[in-house]
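Report on the structure given below.
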Amino acid sequence: MRLIVRIGLLLALPLLSFAQTPDEYPADYLSPAFHASRRAAFREKMPEKSVAVFFAAPQKVRNNDVNYIYAQNKNFYYLTGLEEPNAVLLLFKQPVTILQKTGTEFIFVQSRNPQREMWTGKILGAAGVQEKYQLNAVFSTEQFSGKLVDWSQLDTVISSFRNDQILFKYPGRGDILANMAASLDSALMGAGKSAAPTIAMNILQVLRGIKQPEEIALMEKVVNMSVEGHNSVMRSMKPGMHEYDAQAIMEYEFKSRGSEYVGYPSINGSGANTCILHYETNQRTLQDGDLLLSDCAAEYHGYSADVTRTIPINGKFSPEQKIIYELVLAAQDAAFAECKPGKQFSDPHAAAVNVIAKGLKELGIISSENQVRTYFPHGTSHHLGLDVHDMGRRATLEPGMIFTVEPGIYIPPGSPCDKKWWSIGVRIEDDLLITADGYKNLSAGSPRSVEAIEKMARQSSIFRKKK
Ligand code: GLY
Ligand code: MN
Ligand code: MN
Numbered sequence: 003m004r005l006i007v008r009i010g011l012l013l014a015l016p017l018l019s020f021a022q023t024p025d026e027y028p029a030d031y032l033s034p035a036f037h038a039s040r041r042a043a044f045r046e047k048m049p050e051k052s053v054a055v056f057f058a059a060p061q062k063v064r065n066n067d068v069n070y071i072y073a074q075n076k077n078f079y080y081l082t083g084l085e086e087p088n089a090v091l092l093l094f095k096q097p098v099t100i101l102q103k104t105g106t107e108f109i110f111v112q113s114r115n116p117q118r119e120m121w122t123g124k125i126l127g128a129a130g131v132q133e134k135y136q137l138n139a140v141f142s143t144e145q146f147s148g149k150l151v152d153w154s155q156l157d158t159v160i161s162s163f164r165n166d167q168i169l170f171k172y173p174g175r176g177d178i179l180a181n182m183a184a185s186l187d188s189a190l191m192g193a194g195k196s197a198a199p200t201i202a203m204n205i206l207q208v209l210r211g212i213k214q215p216e217e218i219a220l221m222e223k224v225v226n227m228s229v230e231g232h233n234s235v236m237r238s239m240k241p242g243m244h245e246y247d248a249q250a251i252m253e254y255e256f257k258s259r260g261s262e263y264v265g266y267p268s269i270n271g272s273g274a275n276t277c278i279l280h281y282e283t284n285q286r287t288l289q290d291g292d293l294l295l296s297d298c299a300a301e302y303h304g305y306s307a308d309v310t311r312t313i314p315i316n317g318k319f320s321p322e323q324k325i326i327y328e329l330v331l332a333a334q335d336a337a338f339a340e341c342k343p344g345k346q347f348s349d350p351h352a353a354a355v356n357v358i359a360k361g362l363k364e365l366g367i368i369s370s371e372n373q374v375r376t377y378f379p380h381g382t383s384h385h386l387g388l389d390v391h392d393m394g395r396r397a398t399l400e401p402g403m404i405f406t407v408e409p410g411i412y413i414p415p416g417s418p419c420d421k422k423w424w425s426i427g428v429r430i431e432d433d434l435l436i437t438a439d440g441y442k443n444l445s446a447g448s449p450r451s452v453e454a455i456e457k458m459a460r461q462s463s464i465f466r467k468k469k
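For the record, in the sequence shown the residue sitting at position 114 is 116 according to this note's numbering, with numbers rising by one throughout.
Right, dumping it as structure tokens:
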């Protein structure tokens, strides 16, 4: 008997130490303290006598019985860190008592279920969430009811859940999220309370638009993964390969560095496809003389980069391609010069438009500078973070803001200019962090100049050996 116990222990020891290997999973997630600080910052900005309600994202069917990979609602993630579906967070300005707990933060999460966990993986459950995220009042969704709160003592309900029709899908058919949303909705209607989504959005614009140190550290990582993808594509492409080869190389480089997902569907357009701003088909065979516009980036722990490079497939820009490329580059440099605290969010865009308008007119591609939007139809900057087009105020630039600078020129076939410019589409997109006295280009590790791109095209990669 004793022997059996001893053997049992001996067998268990390596298992225990395996389970505790510190580097088994990434250790660089946002900390519980980060999420707690975001909830505190949100509460600070809430009006008196208010509650804010945040639902986890609904699961979405792709087809038949297969769901899309689950993506948490970014506001919910920002405030909790929880990546599981079927949950709701209630934040109160003043303490209240719910289910015998008094406080300002309450979260309801899905219960553990061994059968389901065997198919789709571990569910934390209330105890697990309490331990992992250091939240105090954690309950299971079975305990949720709209009647848990005396809504009459509250003046304002901050929530966008009524706008999200998908939350109400199939109520009463066992959908946990839909049932919670419906219960809350009927209780609110009974109390004559409406929900105020704009307050939540205004507060989150302010908070999410300024990145905290932990977020900046993740942004640096995800931008670096993306830069490695672009550099690998620069070293690998040649005529006869396909747009999807560029996508595959790019995404291999992201994934092999731990990226869980792409920040957005990868854009790899060649030839005339460079002129389609969000081209996602990626099926064409690359021809000698083509440009390839790759707008691709990784997502890591919820944060997305957004990087574009435009390269010549045969390794050398043609004279016309070089002229357009260097005009976009000059516009980007002019925009960079506007990136410092105190400038307006619109200043980099104005600088880029000015350079491109003058350049296109000098080249005779447009006859008047006010035609510039024909060939440069998009904005130059958007905030970047948990969403690729992130929340953030488009006002005075402040340290901690991260945004893109991405001018472009697109001349599709048939454009009213000399044919020699047709099928040239160029975008150069970098991710900038505003610092105390200027900016840091987080994506500077990927070459931007014609010479540096052509030099990198002469190097080998694991996908293509050069002599
Ligand atoms: N990748 C989308 C954008 O550049 O905004
Ligand atoms: Mn982009
Ligand atoms: Mn962008």
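Glycine included, C-beta positions come from ideal geometry on N, C-alpha and C. Remember, predicted model here, so these are calculated numbers, not experimental data.
Beta-carbon contacts of residue i that lie in its chain and below 8 angstroms, excluding the five residues immediately before and after
| i | result |
| --- | --- |
| H351 | A337, G381, T382 and S383 |
| A332 | V357 and G361 |
| A58 | Q74, N75, F78, L84, E86, P87, N88, A89, V90 and L179 |
Three-state class that DSSP yields for residue i in the structure shown
| i | result |
| --- | --- |
| R64 | strand |
| N226 | helix |
| R175 | coil |
| H385 | strand |
| G127 | helix |
| A300 | strand |
| P116 | helix |
| E453 | helix |
| E255 | helix |
| M243 | strand |
| R264 | Position check: residue 264 holds Val in this sequence, whereas Arg was assumed. In this structure, V264 counts as strand in the three-state DSSP scheme. |
| S52 | strand |
| P401 | coil |
| K95 | strand |
| R466 | strand |
| S147 | coil |
Extent of the continuous beta strand (DSSP E) to which residue i belongs
| i | result |
| --- | --- |
| S142 | A139 to S142 |
| D433 | D432 to I436 |
| L205 | Residue identity differs from the one stated: residue 205 is Ile in this sequence, not Leu. It is not in any beta strand (DSSP E) - I205 instead sits in the alpha helix (DSSP H) that spans P199 to R210. |
| K524 | Residue 524 lies beyond the range of the chain shown here (3 to 469); nothing can be said about it. |
| G410 | G410 to I413 |
Cβ neighbours of residue i in the same chain (closer than 7 angstroms, five flanking residues each side left out)
| i | result |
| --- | --- |
| K324 | V452 |
| K467 | none |
| E322 | K422, W423 and I426 |
Rounded separation between residue i and residue j - CA only
| i | j | result |
| --- | --- | --- |
| S463 | K469 | 12 angstroms |
| F146 | F94 | 16 angstroms |
| G402 | G242 | 43 angstroms |
| L15 | N275 | Residue confidence for L15 is low, a pLDDT of 45 falling below 50, so the modelled location carries little weight; the figure read from the coordinates is stated next. Spanning the two alpha carbons is a distance of roughly 58 angstroms. |
| G194 | E144 | 25 angstroms |
| L434 | G447 | 12 angstroms |
| S258 | D152 | 50 angstroms |
| Q96 | I413 | 57 angstroms |
| F108 | L156 | 16 angstroms |
| L386 | W424 | 32 angstroms |
| M393 | E262 | 21 angstroms |
| S39 | N138 | 14 angstroms |
| K363 | D420 | 13 angstroms |
| P199 | K457 | 51 angstroms |
| M120 | R114 | 11 angstroms |
| Y79 | A438 | 28 angstroms |
| K149 | V208 | 32 angstroms |
| A54 | K171 | 22 angstroms |
Opening and closing residue of the alpha helix (DSSP H) in which residue i lies
| i | result |
| --- | --- |
| R311 | Counting along the chain, R311 falls outside any alpha helix (DSSP H), though it belongs to the beta strand (DSSP E) covering V309 to P314. |
| T82 | K76 to T82 |
Spatial neighbours of residue i in its chain, beta-carbon cut-off 6 angstroms, leaving aside the 5 residues before and after
| i | result |
| --- | --- |
| N391 | Strictly speaking, residue 391 in this sequence is His, with Asn absent from that position. Excluding positions up to five away in sequence, the list reads H384. |
Exercise for review: Tell me, please, whether the segment 61-77 touches the segment 24-32 by the rule of three or more beta-carbon pairs shorter than 8 angstroms.
Suggested key: no
Review point. Pairing CB atoms from the segment 398-408 with CB atoms from the segment 184-196, are three or more of them under 8 angstroms?
Key: no
**Study point:** Segment contact, 8 angstroms Cβ cut-off, at least three pairs: the segment 389-402 with the segment 338-345
**Key:** yes
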